[in-house]
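Colleague:
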Amino acid sequence: MPAGSGQSVIGSTPEGDGRGDAWVLAIEASNPSAEPGGLAGTASVAGARLSGGSPVGDSMVEVRYEAGSRREDGLLPAIERVRAGLGTPAPALSRVCVSVGPGGYTGLRVSVTVAKSLAFATGAAVVAVPSASVASGGQPPEGPYAVALASKGAFTHITRFASADDLVGEAIGVIGADGVVDALCGRGIRKLIADRFLPEPFRVSFEQAGGAVLAPRFSAVRCLEVGCSLRPTEPDALVPVYAREPEAVRLWRERRSPNA
Numbered sequence: 124m125p126a127g128s129g130q131s132v133i134g135s136t137p138e139g140d141g142r143g144d145a146w147v148l149a150i151e152a153s154n155p156s157a158e159p160g161g162l163a164g165t166a167s168v169a170g171a172r173l174s175g176g177s178p179v180g181d182s183m184v185e186v187r188y189e190a191g192s193r194r195e196d197g198l199l200p201a202i203e204r205v206r207a208g209l210g211t212p213a214p215a216l217s218r219v220c221v222s223v224g225p226g227g228y229t230g231l232r233v234s235v236t237v238a239k240s241l242a243f244a245t246g247a248a249v250v251a252v253p254s255a256s257v258a259s260g261g262q263p264p265e266g267p268y269a270v271a272l273a274s275k276g277a278f279t280h281i282t283r284f285a286s287a288d289d290l291v292g293e294a295i296g297v298i299g300a301d302g303v304v305d306a307l308c309g310r311g312i313r314k315l316i317a318d319r320f321l322p323e324p325f326r327v328s329f330e331q332a333g334g335a336v337l338a339p340r341f342s343a344v345r346c347l348e349v350g351c352s353l354r355p356t357e358p359d360a361l362v363p364v365y366a367r368e369p370e371a372v373r374l375w376r377e378r379r380s381p382n383a
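In the numbering used here, each residue carries its 1-based index in the sequence shown increased by 123.
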């Protein structure tokens, strides 16, 4: 593979070998700015061949790309690189798994729109994967834990998981530092996956109660693993999950209001 291609291939299959055309795709672009590097962070796409309805692990292809760039959107080229790496025809797409949030407005809107378009174009099933289920990168902490996403100001969105075996947690919603004890510590949660935007009062309260904050590791491979275990939804019903009303929507609504 050429250096700097941005593509990470795990046991790739040569293009055009004709074996096992059916494939599954996953898109993780929910929280690109959670990683260091500013607002134009990274997202990823992953794919795998299917055998008996299950992804073949040694055929996995993952491509990371820049998300949030004002110059171009790298999602569609990344999907094509995954497909080419698998050597499968586009119409053989069987399932599209997409991380639906909570997360950034633009990343969610673009990835959900692309997932729906692919489903309509190919007839593939589409699966909404909670972004909190992806944040561990496939290695959830032992015991009960929680994931904090879409932090803003003094508040953050919390999802609780009873154990590392839980694929889908319990969405608690948006809380502030004053809710740490009841929502987390009082329920035996001592591990919190949270990005660099976690409000400092929330972090301090959790750590003072004996908790540890862990960095998230978003990946399309984890999204694919979770999505292949969940039920598909109708493409028309696939929507992003926002922790709160997007700022752009609020401003648009206020400008249209006769009282504004």
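Even glycine gets a Cβ: it sits at the ideal position worked out from N, Cα and C.
Since the model is a prediction, treat every value here as computed from it, not as a measurement.
Name the DSSP beta bridge partners of residue 239, please?
Modeller: To locate residue 239, count along the sequence shown from 1; it is residue 116. Answer is none; residue 239 lacks a bridge partner.
Colleague: Going by CA-CA distance only, name the one from 266, 302 and 149 that's closest to residue 201.
Modeller: One-based indexing of the sequence shown puts residue 201 at position 78. Out of 266, 302 and 149, 149 has the C-alpha closest to the C-alpha of residue 201.
Colleague: So, is residue 166 buried or exposed, given that buried needs 16 or more other C-beta atoms within 10 angstroms?
Modeller: By one-based count along the sequence shown, residue 166 stands at place 43. Buried.
Colleague: Name the DSSP beta bridge partners of residue 150, please?
Modeller: Start at 1 with the first residue of the sequence shown, and residue 150 comes out as number 27. Residue 150 is bridged to 168 and 221.
Colleague: From which residue to which residue does the alpha helix (DSSP H) around residue 312 run?
Modeller: What you label residue 312 is simply residue 189 of the sequence shown in a count that begins at 1. Here residue 312 belongs to no alpha helix (DSSP H), and DSSP marks it neither H nor E.
Colleague: If we require 4 or more residues per run, which alpha helix (DSSP H) segments fall completely within the stretch 307-368?
Modeller: 323-331 and 343-350
Colleague: Pull up the distance between the alpha-carbon of residue 181 and that of residue 219, whole angstroms please.
Modeller: Within the sequence shown, the letter at position 58 stands for residue 181. Within the sequence shown, the letter at position 96 stands for residue 219. Residue 181 and residue 219: Cα-Cα distance of roughly 19 Å.
Colleague: In the DSSP assignment, find the beta strand (DSSP E) that holds residue 272 and state where it starts and stops.
Modeller: By 1-based counting over the sequence shown, the position of residue 272 is 149. Run containing residue 272: 268-275, per the beta strand (DSSP E) assignment.
Colleague: Identify which residue in 232, 226, 224 and 265 has its Cα closest to the Cα of residue 312.
Modeller: Your numbering for residue 312 matches position 189 in the sequence shown. The residue with the shortest Cα to Cα distance from residue 312 is 265.
Colleague: Which residues does DSSP pair with residue 299 in a beta bridge?
Modeller: Taking the sequence shown and counting its residues from 1, one reaches residue 299 at position 176. 278.
Colleague: Can we say the stretch 237-247 touches the stretch 274-282, given the rule of at least three CB pairs closer than 8 Å?
Modeller: By the C-beta criterion, the stretch 237-247 is judged not to be in contact with the stretch 274-282, since fewer than 3 inter-stretch pairs fall below 8 Å.
Colleague: Which whole-angstrom value describes the C-beta separation of residue 260 and residue 345, a residue pair presumed to lie in contact below a C-beta threshold of 8 Å?
Modeller: Translated into the one-based positions of the sequence shown, residue 260 becomes position 137. Translated into the one-based positions of the sequence shown, residue 345 becomes position 222. Confirmed, about 6 Å.
Colleague: Is residue 258 helix, strand or coil when you go by DSSP?
Modeller: As a position in the sequence shown, residue 258 is number 135, starting the count at 1. Three-state DSSP puts residue 258 in coil, outside helix and strand.
Colleague: Going by Cα to Cα distance, which pick from 338, 349, 340 and 155 is closest to residue 105?
Modeller: Outside the displayed range of the chain (124 to 383) lies residue 105, so it cannot be described from this structure.
Colleague: First and last residue of the alpha helix (DSSP H) that includes residue 248?
Modeller: Within the sequence shown, the letter at position 125 stands for residue 248. Segment 248-252 is the beta strand (DSSP E) holding residue 248; no alpha helix (DSSP H) there.
Colleague: Take every Cβ of the stretch 282-295, pair it with every Cβ of the stretch 326-344, and state whether three or more of those distances are shorter than 8 Å.
Modeller: No, because fewer than three Cβ pairs between the stretch 282-295 and the stretch 326-344 fall closer than 8 Å, the two stretches do not touch.
Colleague: Here's the rule: buried if 16 or more other CB atoms are within 10 angstroms of the residue's CB, otherwise exposed. What is residue 324?
Modeller: Start at 1 with the first residue of the sequence shown, and residue 324 comes out as number 201. When all chains shown are included, residue 324 counts as exposed.
Colleague: Since residue 333 contacts residue 307 with CB under 8 Å, what's their CB separation in whole angstroms?
Modeller: Taking the sequence shown and counting its residues from 1, the one referred to as residue 333 is at position 210. Taking the sequence shown and counting its residues from 1, the one referred to as residue 307 is at position 184. The beta-carbon distance between residue 333 and residue 307, rounded to whole angstroms, is 11 Å. This is too long to meet the 8 Å contact definition.
Colleague: For the beta strand (DSSP E) that residue 291 lies in, which residues bound it at each end?
Modeller: As a working note, residue 291 is residue 168 in the sequence shown. Run containing residue 291: none; DSSP gives neither H nor E here.
Colleague: Can you tell me which residues form a DSSP beta bridge with residue 228?
Modeller: The count along the sequence shown starts at 1 and reaches residue 228 at position 105. Residue 228 pairs with nothing; no bridge assigned.
Colleague: Taking residue 223 and residue 256 to be in contact with their CB atoms under 8 Å, please state how far apart those CB atoms are, rounded to whole angstroms.
Modeller: For the purposes of this step, residue 223 is identified with residue 100 of the sequence shown, where counting begins at 1. For the purposes of this step, residue 256 is identified with residue 133 of the sequence shown, where counting begins at 1. The C-beta separation of residue 223 from residue 256 comes to about 10 Å, leaving the pair out of contact by the 8 Å criterion.
Colleague: Can you name, in chain order, every residue of its own chain whose Cβ lies under 6 Å from the Cβ of residue 318, other than the five neighbours on each side?
Modeller: Along the sequence shown, one-based indexing puts residue 318 at 195. Excluding five sequence positions before and after residue 318, the CB atoms of its chain that fall closer than 6 Å to its own CB belong to 157 and 339, given in chain order.
Colleague: Please report how far the alpha carbon of residue 301 lies from the alpha carbon of residue 183, in whole angstroms.
Modeller: As a position in the sequence shown, residue 301 is number 178, starting the count at 1. As a position in the sequence shown, residue 183 is number 60, starting the count at 1. Spanning the two alpha carbons is a distance of roughly 43 Å.
Colleague: In the structure shown, what three-state DSSP assignment does residue 263 receive?
Modeller: As a first step, residue 263 must be located in the sequence shown, where it is residue number 140. Here DSSP, grouped into helix, strand and coil, assigns residue 263 to coil.
Colleague: I'd like to check one pair, residue 235 with residue 363: are the Cβ atoms closer than 8 Å?
Modeller: Within the sequence shown, the letter at position 240 stands for residue 363. Within the sequence shown, the letter at position 112 stands for residue 235. Yes, the Cβ-Cβ distance between residue 363 and residue 235 is below 8 Å.
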